[in-house]
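Undergrad: Quick one: this structure, given as structure tokens, is what I'll be asking you about.
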Amino acid sequence: MRITTNAILRNYRSNLGTSMANLDTARNKVMTGRQFVSSAENPGSALRAATLERKYVKNLDYISTAQNTQSFLDSQEDAAMQISDLALTLSKQYGLEALNGTNADAETRKTYADAWRGAQESLLLSLNASYEGRYAFGGADAATPPFSLTTDANGKQILTYRGVNVDPDPNDPDYQKTMDTLKQLSEESVYLDLGFGLTVNDKTGEIDPSSAFNTSLPGINVAGYGKTADGTTKNMVLLAGQIADTLEKEPFDQAELEKLLNAFDDGRNNVLEQVTTLGTKSQFLTATKDRLETDKLNLTTQLDNVVNIDMADAITQYSWAQYAYNAALKVGTSIFSPSFIDFMK
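The sequence shown begins at 293 in the numbering used here and counts up one residue at a time.
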């Protein structure tokens, strides 16, 4: 088999080009820290990396949402605790002391009445508490103050929740309609996707409650709405005003005050139940954040394995590629070995 000089040169140039390409690839890996720069270099790994990166970004969004939601829940819990603490002071201090026979004179009762009216304003402020422009107890509408307290022409206080009277008159023709509206408002939900596999019913368009996190706490679930069986309002804000009126009224009706105080105590117990519910939701949210942080760590590890290089191995490969390239250059100097032409004269 005859091997020509041109054949040797062609093979040499081809092999030298391969050595240069290998050296460039090894150099790029060391400089970028990545196993590949373009998807063409490793289509399989590039596809997996793109999938992992989407999951990673979505997970970061879940974590951010969970953190913001936790802050919002904290604002709800703080406001509910303020209402509970104030209600405890009103019930166990001002209420019991006003019922005490030694404090039954009109002047003393007037002082307690003023305290109840001041507390009524504080309750209203807590129910309209907001966090970063969102009202904590606004239900599905967190953009406007949920509660508004006014007085009608007869001097009767009227409290509305998102424009609906929370203590409608049973004699009103629209009483049942108003109560149905209040019930709907009390059941409102605001769902957030926190990575539970958000599911929406194709027919009804409703979100599956088990696939999302509900951040809504309608204020009427905290303060109460409607009336008891004996016709007493269940709303704590209105009760505070009625207790103040009873303390100022002459002759003093102790039985009426006791009835109102018992209703107020029931309302305070309801607030404590809401605080407990918020605490449970907060614990669940904390566990969710921990899970998301774990997912973030796992995704980071997987991305690192797919995209990034082992620097020690990359430097070793680069050194070997550099050695092979230098060797190829040295081989080039000996390609033109002496031929018959060199000995002709």
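Ideal placement from N, C-alpha and C gives every residue a C-beta, glycine not left out.
For clarity, every value in this text was computed on a predicted model and none was experimentally measured.
1. Could you check what DSSP says for Y404 in three-state terms: helix, strand or coil?
2. Mind pulling the alpha helix (DSSP H) runs of 4 or more residues that sit fully within the region 454 to 517?
3. Please return the same chain residues whose Cβ sits closer than 8 Å to the Cβ of M312, not counting the five positions on each side in sequence.
4. Would you kindly work out how many angstroms separate the C-alpha atoms of T394 and R560, rounded to a whole number?
5. Can you tell me which of the three DSSP states Q449 falls into?
6. So, is E413 buried or exposed, given that buried needs 16 or more other C-beta atoms within 10 angstroms?
7. Between which residues of its own chain and T520 is the CB-CB distance below 7 Å, once the five residues before and five after are set aside?
8. In the DSSP output, what is L441 paired with across the bridge?
9. Among I375, N351, T324, which has the Cα closest to the Cα of D557?
10. In angstroms, rounded to a whole number, what distance separates the CA positions of E424 and S367?
11. Report back the beta-carbon spacing between L591 and Y348 to the nearest angstrom; my notes put them in contact at under 8 Å.
12. Could you check whether Q566 and A372 sit closer than 8 Å to each other, using their CB atoms as the reference points?
13. Cα-Cα, which of T357, K495, V322 is closest to A504?
14. Going along the chain, which residues of its own chain have a beta-carbon closer than 8 Å to the beta-carbon of Y517, five neighbours each way excluded?
15. Could you compute how far the alpha carbon of Q575 sits from the alpha carbon of L365?
16. For a test of the three-state rule: what should DSSP assign to S330, helix, strand or coil?
17. Less than 8 Å separating the beta-carbons of V482 and T507?
18. Is the beta carbon of G516 within less than 7 Å of some heavy atom of the ligand MN?
19. By Cβ distance, which residues of its chain are closer than 6 Å to V598, with the 5 residues on each side in sequence left out?
20. By DSSP's criteria, N600 is part of a beta bridge. Which residues make up the other side?
21. Taking all protein chains shown into account, do 16 or more other C-beta atoms lie within 10 angstroms of the C-beta of R401, making it buried, or fewer, making it exposed?
22. Could you tell me the distance, in whole angstroms, from the CA atom of G489 to the CA atom of Q449?
TA: Answer, in terms of the structure:
1. Here the question's residue 404 lines up with position 112 in the sequence shown. Helix at Y404.
2. 467 to 478, 511 to 515
3. In the sequence shown, the residue the question calls residue 312 occupies position 20. Cβ within range, chain order: Y617.
4. Taking the first residue of the sequence shown as 1, we reach residue 394 at position 102. Taking the first residue of the sequence shown as 1, we reach residue 560 at position 268. Note that T394 has pLDDT 48, beneath the 50 cutoff, so the model's placement of it is unreliable and the number below is only indicative. Rounded to the nearest angstrom, the two C-alpha atoms are 26 Å apart.
5. Here residue 449 is taken as the residue at index 157 of the sequence shown, counted from 1. In the structure shown, Q449 sits in a strand (DSSP, three-state: E or B).
6. The residue given as residue 413 occupies position 121 in the sequence shown. Burial call: exposed.
7. Position 228 of the sequence shown holds residue 520. Closer than 7 Å at Cβ, skipping near neighbours: K526, A555.
8. Within the sequence shown, residue 441 is the residue found at index 149, counting from 1. L441 pairs with L451.
9. Here residue 557 is taken as the residue at index 265 of the sequence shown, counted from 1. When only C-alpha atoms are compared, the closest one is I375.
10. Here residue 424 refers to the residue found at position 132 of the sequence shown. Here residue 367 refers to the residue found at position 75 of the sequence shown. The alpha-carbon atoms of E424 and S367 are separated by roughly 10 Å.
11. Position 299 of the sequence shown, counted from the first residue, corresponds to residue 591. Position 56 of the sequence shown, counted from the first residue, corresponds to residue 348. The Cβ separation is near 5 Å, so the contact holds.
12. On the sequence shown, residue 372 is found 80 positions in, with the first residue counted as 1. On the sequence shown, residue 566 is found 274 positions in, with the first residue counted as 1. Yes; because the gap between Cβ atoms is below 8 Å, this pair is in contact.
13. What you label residue 504 is simply residue 212 of the sequence shown in a count that begins at 1. Closest by alpha carbon: T357.
14. Counted from its first residue, the sequence shown places residue 517 at position 225. Closer than 8 Å at the Cβ level, and outside the excluded window around Y517, lie Y453, V458, D459, L474, S478, K526, N527.
15. As a first step, residue 575 is located in the sequence shown; it is residue number 283 there, counting from the start. As a first step, residue 365 is located in the sequence shown; it is residue number 73 there, counting from the start. Cα to Cα, the separation comes out at about 11 Å.
16. As a working mapping, residue 330 is identified with position 38 in the sequence shown. It is coil, neither helix nor strand.
17. Numbered from its first residue, the sequence shown carries residue 482 at position 190. Numbered from its first residue, the sequence shown carries residue 507 at position 215. Yes, they are a contact pair.
18. Summarising the ligand content, the structure contains no ligands, and the ligand MN is consequently not present.
19. Numbered from its first residue, the sequence shown carries residue 598 at position 306. Counting only residues of its own chain and dropping the five nearest sequence neighbours on each side, V598 has a CB closer than 6 Å to the CB of S337, R340, A341.
20. The residue given as residue 600 occupies position 308 in the sequence shown. For N600, which the question treats as bridged, DSSP gives the partners R326.
21. Position 109 of the sequence shown holds residue 401. R401 should be labelled buried.
22. The residue you call residue 489 lines up with position 197 of the sequence shown. The residue you call residue 449 lines up with position 157 of the sequence shown. Straight-line measurement puts the Cα of Q449 at about 46 Å from the Cα of G489.
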